[in-house]
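With the numbering used here applied, the sequence shown corresponds to residues 1469 to 1826, in that order. Structure, as structure tokens:
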Amino acid sequence: MEKAGISGKLINLAQAFVGHIKGGLAIVCVAVACFFAAISGSGPATVAALGMIIIPAMVEVGYKPATAAALIATAGGIGVIIPPSISFVIYGSITGVSIGKLFMAGVIPGLLMGLGLVIATFLLTRNSELQRLPKASSKERWNAFKDAFWGLLMPAIILGGIYGGVFTPTEAAAVAAVYGLFVGVFVYKSITWRHFYDIVVTSASQTAVVMFIVATANLFAWIITMEGIATAASNFLLNLAGGNLILFLIIVNAILLMAGCVIDGTSALYILTPILLPVAQKLGYDPLVLGVVMVMNLAIGMVTPPVGVNLYVACGLADVSFKDIARKAWPFILASVAVLLIVTYVPALSQFLPSLMQ
């Protein structure tokens, strides 16, 4: 879908509706990131696909390059929260929690994180002289909608198929790939044989990296389980929290935020889930909500130095230094942490939509 140019069409659609508002491009950035997340399920992929278009547009109306890059990098983290999410699939495979319910559980927290980023952007730029885009006419909005329609249809196919029992999340990935290829070749006619070759090579290399990480993380998780390290660590955490759920959740968030700063999310899930889940269950915390909390922490880790993979992707697109983008990212990180704490201590936000599936 990236090669098909859907990211540009989604941005044009969002601009047509809110681009004329002061700071409207910030809303466009976050809204399209949330929507594109429902297509890619990957943070770095969301940043790469949208950043090359939205960053120049934001700079043109008055945003500083580092601010624009920091916003898209943080918004890209929503890609692992809004369904379908690779991280939720991994967590579900480790714990046995329903992947479909995990997908639904991530919707409200993901939207809240997007809202938090929009509020943070407005506060940061409230005194800035930002240009406004001309207000689009009804005809322009309709044309933008028609251009983006095939892209808008993809999340409906993916999520509708999963929740309708037509196919599994794994099969949904294959359906999405075939659909994206069909749209790119026959509808938008933007994918050539050269593009197809690049798509196959890039997909193969990225899959190889992910599978290598999964294999080594699985091995590490098996070792710490067989050696009793996971049990010992779980007991240590339980004693450290003194059986207090609130204190335990503070410790969990601290551990996950630090882990997200230095290791990738897939490895962190395989390593930390066997340690944290038993303690959470003993203290009566819903494994479904724990999965959302873990994934949100790791999403924030994607934009937290020193690793911050999304930051590296965005600073390359904006041609700014890592130091500059990291400094501009902190207000967005703090806004995300505020939403994380709300979701952590208000489990109903994650439980509401899954409860409707029963």
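All C-beta atoms in this analysis are idealised placements derived from N, C-alpha and C, irrespective of residue type, glycine included.
Point to revise | Beta-carbon proximity list for glycine 1733, same chain, < 6 Å, skipping 5 on both sides | key: Ser1555 and Leu1766
Practice item. Using beta-carbon positions only, say whether glycine 1728 and threonine 1772 come within less than 8 Å of one another. Key: yes
Practice item. Along the alpha helix (DSSP H) that carries isoleucine 1718, what are the first and last residues, could you check? Key: From DSSP, the alpha helix (DSSP H) with isoleucine 1718 extends over 1713-1730.
Review point. Just how far apart, CA to CA, sit alanine 1642 and asparagine 1707?
Key: 45 Å
**Study point:** isoleucine 1540 vs alanine 1782 beta-carbon contact at 8 Å
**Key:** yes
Exercise for review: Would you list, in sequence order, the uninterrupted alpha helix (DSSP H) runs of no fewer than 4 residues that lie entirely inside the region 1691-1715?
Suggested key: 1697-1709
Review point. Taking buried to mean at least 16 other C-beta atoms within 10 Å of its own C-beta, is asparagine 1712 buried or exposed?
Key: Under this definition asparagine 1712 is an exposed residue.
**Study point:** Top-ranked residue by Cα proximity to proline 1742, from Val1775, Gly1632, Thr1693 and Leu1785
**Key:** Thr1693
Review point. From what residue to what residue does the alpha helix (DSSP H) around glycine 1629 run?
Key: Counted as a single uninterrupted DSSP element, the alpha helix (DSSP H) harbouring glycine 1629 occupies residues 1606-1631.
Review point. Is the region 1473-1485 in contact with the region 1605-1617, if contact means three or more CB pairs nearer than 8 Å?
Key: yes
Check your understanding: How many angstroms separate the CA atom of leucine 1724 from the CA atom of leucine 1744?
Key -> Whole-angstrom Cα-Cα distance: 10 Å.
Exercise for review: Pick out whichever of Phe1503, Cys1502, Asn1480 and Leu1518 has its Cα sitting closest to the Cα of lysine 1471.
Suggested key: Leu1518 is the residue among Phe1503, Cys1502, Asn1480 and Leu1518 whose C-alpha sits nearest the C-alpha of lysine 1471.
Review point. So what's valine 1814 in DSSP terms, helix, strand or just coil?
Key: coil
Point to revise | For proline 1577, the three-state DSSP class (helix, strand or coil) | key: helix
Exercise for review: Kindly indicate which three-state DSSP category histidine 1488 falls into: helix, strand or coil?
Suggested key: coil
Exercise for review: Pick helix, strand or coil for phenylalanine 1790, following the three-state DSSP scheme.
Suggested key: helix
Check your understanding: How many angstroms separate the CA atom of isoleucine 1625 from the CA atom of glycine 1633?
Key -> 12 Å
**Study point:** Span separating the alpha-carbon of methionine 1520 from that of leucine 1785
**Key:** 6 Å
Point to revise | Three-state secondary structure assigned by DSSP to aspartate 1754 | key: coil
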